[in-house]
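Novice: Dropping a structure here in structure tokens format, bear with me for questions.
2 protein chains.
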Amino acid sequence: MDECELKKVGNLEFVCYFQLAMMIIGGKWKPKVLFHLVQHENIRFGELRRKIIGISEKMLIQSLKDLEKDKIVHRKVYRQVPPKVEYSLTDLGKSLIPILSSMEQWGKSYASYFVAKKEKNTKYKLGTIIDNLDEQVKH
Amino acid sequence: MDECELKKVGNLEFVCYFQLAMMIIGGKWKPKVLFHLVQHENIRFGELRRKIIGISEKMLIQSLKDLEKDKIVHRKVYRQVPPKVEYSLTDLGKSLIPILSSMEQWGKSYASYFVAKKEKNTKYKLGTIIDNLDEQVKH
DNA sequence: TTTAATACTAACTAAAAAGTATGTAATGTG
DNA sequence: CACATTACATACTTTTTAGTTAGTATTAAA
């Protein structure tokens with residue numbers, strides 16, 4: 001890793017590259033938007049809105065606009081009425097997939113650590129991932 | 001990856017595991033605190049404060065307290081005057097290292113993409129980045 | 001002519017996160 | 001006895017982020 005001095009890429013100012021990544025994928029909704037963009041080659045605005053429960057239209061376009069500005073997402077407009085707009089990951093966006101899934105993976109192991117500790121007080125070996133974790137986590 | 005319904009682990013509520021990870025390492029200062037905790041086996045409060053340029057004492061303990069609560073960081077108090085407190089990563093905290101460095105790595109490739117585009121207008125081969133990332137992330 | 005559908009925009013409010021400024025405890029040293 | 005050192009705590013303000021509500025353009029169908 002590297003030292004911490006102010007850098008600039010495009011319109012983004014940051015100190016370390018880690019922070020740069022966080023600026024792009026961080027926040028309340030962007031991770032979820034990215035999640036669904038990974039799942040679908042192309043996805044429409046309204047489809048996304050329905051899939052991401054709880055998101056408002058404002059937050060959704062805001063996230064999409066940010067991601068588009070950062071070259072993570074591509075926006076394709078079909079000139080028709082009612083309008084149709086499809087969103088998809090750019091190549092840069094697709095390069096995020098490994099880190100997204102490693103975070104997902106880590107989140108799962110983290111959760112399973114607590115489940116293991118709370119429910120059985122067993123010693124948990126870090127690095128092993130409980131596959132049926134979903135069943136054990138409170139919904 | 002998995003569906004999006006409300007889950008709970010400890011005091012944290014989240015929808016997908018990715019989000020859980022973001023809740024733990026996200027924010028303005030936690031990434032930087034983690035960065036330095038990775039670099040040092042043990043590090044004192046004041047040392048951290050001096051290393052993380054721009055952080056206030058309030059933000060530093062807030063970050064440390066959060067990380068401690070989430071079992072990422074261990075706090076060791078030496079009963080002496082003036083006080084001495086050392087912070088270190090727990091095993092759970094150390095398990096974060098791969099994802100931290102993969103984010104760092106991604107941030108770097110992202111930055112280099114823009115540098116390449118702006119400075120020479122050369123065509124940048126994303127494929128090589130993606131391959132490198134995969135190596136970083138696989139564990 | 002009204003309505004419906006879709007993908008937004010804009011103005012405003014509320015909540016969360018971060019920043020600032022000051023205070024505290026404990027004690028060894030000058 | 002004043003002062004310095006260290007690791008915080010507390011109250012308060014500012015800034016950032018998110019949420020709410022309402023509105024727009026376009027056209028085809030009822």
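Chains A and B, in that order, are what the protein sequence lines are.
Take the first sequence: its letters are residues 1 to 139, numbered as in UniProt numbering.
Take the second sequence: its letters are residues 1 to 139, numbered as in UniProt numbering.
Every residue gets a Cβ at the ideal spot worked out from N, C-alpha and C, and that includes glycine.
All values reported here derive from a predicted model rather than from experimental measurement.
Would you grab the beta carbon distance between Thr90(B) and Ile61(B) for me? Rounded to a whole angstrom, and I think it's under 8 Å.
Specialist: Incorrect: roughly 18 Å between the Cβ atoms, too far for contact.
Novice: If you follow the beta strand (DSSP E) that His74(B) is in, where does it begin and where does it stop?
Specialist: Val73 to Tyr78
Novice: Of the residues Ser63(B), Lys28(B), Trp29(B) and Lys51(B), which one's Cα is nearest the Cα of Gln39(B)?
Specialist: Lys51(B)
Novice: At which residues does the alpha helix (DSSP H) containing Lys51(B) begin and terminate?
Specialist: Phe45 to Lys51
Novice: Between which two residues does the alpha helix (DSSP H) containing Leu92(A) stretch?
Specialist: Asp91 to Lys94
Novice: Does the stretch 9-26 of chain B touch the stretch 94-109 of chain A, meaning 3 or more C-beta pairs lie closer than 8 Å?
Specialist: yes
Novice: Could you spell out where the alpha helix (DSSP H) holding Lys69(A) opens and where it closes?
Specialist: Start and end: Glu57 to Lys69.
Novice: Using a cut-off of 9 Å between C-beta atoms, extract the partners of Ile99(B) located in chain A.
Specialist: Ile99, Ser102, Met103, Gln105 and Trp106
Novice: For Gln19(B), would you say it is in contact with chain A, using Cβ-to-Cβ distances shorter than 9 Å as the test?
Specialist: yes
Novice: To be precise: take each residue of the stretch 52-67 of chain B, compare its Cβ to all Cβ atoms of chain A, and keep it if any distance is under 9 Å. Which residues remain?
Specialist: Within the stretch 52-67 of chain B, the residues whose Cβ lies closer than 9 Å to any Cβ of chain A are, in chain order, Ile52, Ile53 and Gly54.
Novice: Identify the contact partners of Ser88(B) in chain A, using a Cβ-Cβ distance below 8 Å as the criterion.
Specialist: For Ser88(B), no chain A residue has a Cβ inside 8 Å of its Cβ, as the nearest lies near 16 Å away.
Novice: Applying the criterion that 16 or more other CB atoms from any shown protein chain within 10 Å of the CB defines a buried residue, is Gln19(A) buried or exposed?
Specialist: buried
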